[in-house]
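Mapping to UniProt numbering: the sequence shown position 301 is 301, numbers consecutive.
Virtual Cβ for every residue (Gly too), placed ideally from N, Cα, C.
Reading through the structure tokens given below for one structure.
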Amino acid sequence: MGDSEGYENEEPNAEAVRFYKFLENSQQELYPGCKSFSKLSFLIRMLNIKCLGKWTDKSFTMMIDLLNEAFPESVQLPKSWYDAKKVIRELGMGYEKYDACPNDCMLYWGLDEWRTECKTCHESRWIKKIEGKNVVAKTLWHFPLKPRCLSTLKSYVRNRSRPEGSIAEGYIADECLSFCSLYFSNDVETRFNQSKTNDINDETPKEGLDIFSIQGRPIGKTETIRLDAKAMSQAHRYVLFNCKHHTHKTMVVNQYPCASQHEIQRLHNETFASWFEHYLDNMQLDENDLILKDLKLLARGPNIIIKRYKGFIVNGFRFHTKDREQNRKTQNCGLMVSAVTSSFASKKDNRPIVSELNYYGVLQDIIELDYNRGKKIVLFDCDWVSKGKRLKQDVDGFILTNFTNVKRHNEPFILSSQAQQVFYVEDPVDPNWKVVLKLIARDQYDLTEESEIDVETGLHTPPSSCGNEDIDWVRSSVAGTRVDVAMETIVDMLKHKKEMDKLKQQKRRQHTT
1 MGDSEGYENE EPNAEAVRFY KFLENSQQEL YPGCKSFSKL SFLIRMLNIK CLGKWTDKSF
61 TMMIDLLNEA FPESVQLPKS WYDAKKVIRE LGMGYEKYDA CPNDCMLYWG LDEWRTECKT
121 CHESRWIKKI EGKNVVAKTL WHFPLKPRCL STLKSYVRNR SRPEGSIAEG YIADECLSFC
181 SLYFSNDVET RFNQSKTNDI NDETPKEGLD IFSIQGRPIG KTETIRLDAK AMSQAHRYVL
241 FNCKHHTHKT MVVNQYPCAS QHEIQRLHNE TFASWFEHYL DNMQLDENDL ILKDLKLLAR
301 GPNIIIKRYK GFIVNGFRFH TKDREQNRKT QNCGLMVSAV TSSFASKKDN RPIVSELNYY
361 GVLQDIIELD YNRGKKIVLF DCDWVSKGKR LKQDVDGFIL TNFTNVKRHN EPFILSSQAQ
421 QVFYVEDPVD PNWKVVLKLI ARDQYDLTEE SEIDVETGLH TPPSSCGNED IDWVRSSVAG
481 TRVDVAMETI VDMLKHKKEM DKLKQQKRRQ HTT
């Protein structure tokens, strides 16, 4: 109780007092009964007119004196320009003045505030004396930077240990580049001609292996890291298995004829990468064959130094890693991929069941593998659930997933082009379960399949049995208008009419038969 009483008697700080004063002025009437202006709004309006009309300080003071005489005595107006200027400073719209050298050599500021002449050109700080007072030769006005603006300028510093001479140069360079980008051709992608949708318009033909054709583009900052051996092996193996490979599996079957299908698949997964590299090293490659060159680069494996991204745009979707959107209200980390897998009942099972499964995941990382000579592949590293206790379907047909303490999958990587985006909605009954909602890319619509119904047959109607077929289509109540038509046009119309009549007769015969 003693502490609380002490806080009650404590006065508010200076910022709070200033805020309450502004709040009071904004709610205080200019004079009793005035509904159009408050004390603060009327003063701001007058200062705006002063700036637009280029009034002098003396004329502004004279106008205030006139208004004080014209309005009732209870009017809330400043007495002079000096009083009005103090209000502007309190609003944060003030400025700071600095004396400067007439030749722009230096500012009389900081340690040089008390100098009387320039230390570069030795020009005097004063021009003359009036009644014993020094008159400054040159004065500059400075508007103090807001903390948020200063933070923006500091972000342009690239080397923080040895900053550039002027942090404002980075901001000026950004403005210059933005202005110049308006005049680039449409082939150069800028933030002005970039599509509003998450589409990548890349129609240039690719040479070599299709797997090296990167679809999409990264967003955000790039980080260069060293990938550990296990993750590198998993990523490279997944890339190889997305290329056609039948020779090695046949070789494993011939080498282990008594092994089960499960064992053959395991040996194939473990030894394919090393076999593929040795196999291509012994081949005689044609220097002009681009596909064989790409195969050799693929067999050698990627560099251990990779690039990491926090976002990627592909297939019309914008993907973010889970870490990037922790403090965001949006969700772009959910994805799905359909894969054809072979399921074994046991290790001795020789008849695996091939089926298509939907894997639902959460994007954890985005990496770019470099296979040298400009050949790169982007992979998504995800946590996956596909079947078992972490995937179920409710009575309404919705699919629910549970990623709580999910274990690391032995194949966590997929190609970026294989990802389809999904949205996870928390189950109101059990927060650990998430309802899966499949998304559609922008400007794409989930339309039904085309109907195979014969439109001509469905729309065909039997001939009418009405006997009154003499119908006059000429209006006799209005005077006719003569239109000149070329003879060639009339001939073309007659030919078209004959062709249409023949088509109608053929359709009628087909219908009767």
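- Within the model, the alpha-carbon separation for ASP396 versus VAL435 is close to 11 Å.
- Here the alpha carbons of TYR156 and SER181 stand approximately 19 Å from one another.
- Leaving aside the five residues that flank LYS50 on each side, the residues in its chain whose CB is nearer than 8 Å to its CB run, in chain order, PHE60.
- The DSSP-derived three-state label of VAL188 is coil.
- Your pair GLU325 and SER338 does not check out as a contact, with CB atoms roughly 24 Å apart and the cut at 8 Å.
- Taking a contact to require three or more Cβ pairs closer than 8 Å, the stretch 67–78 and the stretch 103–119 do not qualify as touching.
- With fewer than 16 other Cβ atoms from the protein chains shown falling within 10 Å of its own Cβ, GLY94 counts as exposed.
- TRP109 has its alpha-carbon roughly 45 Å from the corresponding atom of GLU73.
- In this structure, the straight-line span from the alpha carbon of VAL188 to that of VAL429 is close to 50 Å.
- By the criterion of a C-beta distance shorter than 6 Å, ASP174 is surrounded by no residue of its chain, once the five residues flanking it on both sides are discounted.
- Segment contact: the stretch 208–221 against the stretch 380–389, fewer than three CB-CB distances shorter than 8 Å; contact not assigned.
- Within the same chain, and ignoring the five residues on either side of LYS504 in sequence, no residue has its Cβ closer than 7 Å to its Cβ.
- A Cβ-Cβ distance of about 7 Å is found for the pair ILE414 and LEU379, placing them in contact under the 8 Å criterion.
- The stretch 97–108 makes no contact with the stretch 39–59: fewer than 3 CB pairs, one atom from each, lie closer than 8 Å.
- Excluding its 5 nearest sequence neighbours in each direction, ARG45 has C-beta neighbours in its own chain below 8 Å: PHE37, listed in chain order.
- In the DSSP assignment, ALA235 falls outside any beta strand (DSSP E) and lies within the alpha helix (DSSP H) extending over 229–241.
- In this structure, ILE306 lies away from ILE219, with their beta-carbon atoms at least 7 Å apart.
- For ASP394 against GLY361, the beta-carbon gap comes to about 20 Å, at or over 8 Å, which does not count as contact.
- Short of 7 Å from the beta carbon of LYS58, and not among the five residues preceding or following it, lies no beta carbon of its own chain.
- Inter-residue distance for LYS21 and TRP141 is about 27 Å (C-alpha atoms, whole angstroms).
- If you ignore the 5 residues before and after ILE127, its C-beta comes within less than 7 Å of the C-beta of VAL135 and ALA137, all in its own chain and listed in chain order.
- Rounded to whole angstroms, HIS320 and GLU29 show a C-alpha spacing of 52 Å.
- Closest in alpha carbon position to GLU15, among LYS79, TRP55 and GLU90, is GLU90.
- Residue pairing by DSSP places SER38 opposite GLU29 in a beta bridge.
- A Cβ-Cβ separation of about 32 Å leaves LEU209 out of contact with ASP323 under the 8 Å criterion.
- In this chain, the alpha helix (DSSP H) harbouring TRP81 covers 81–90.
- Residue state for ALA16 is assigned as helix, using DSSP reduced to three classes.
- Within a 10 Å sphere around the beta-carbon of GLN421 sit 16 or more other beta-carbons, which makes this residue buried.
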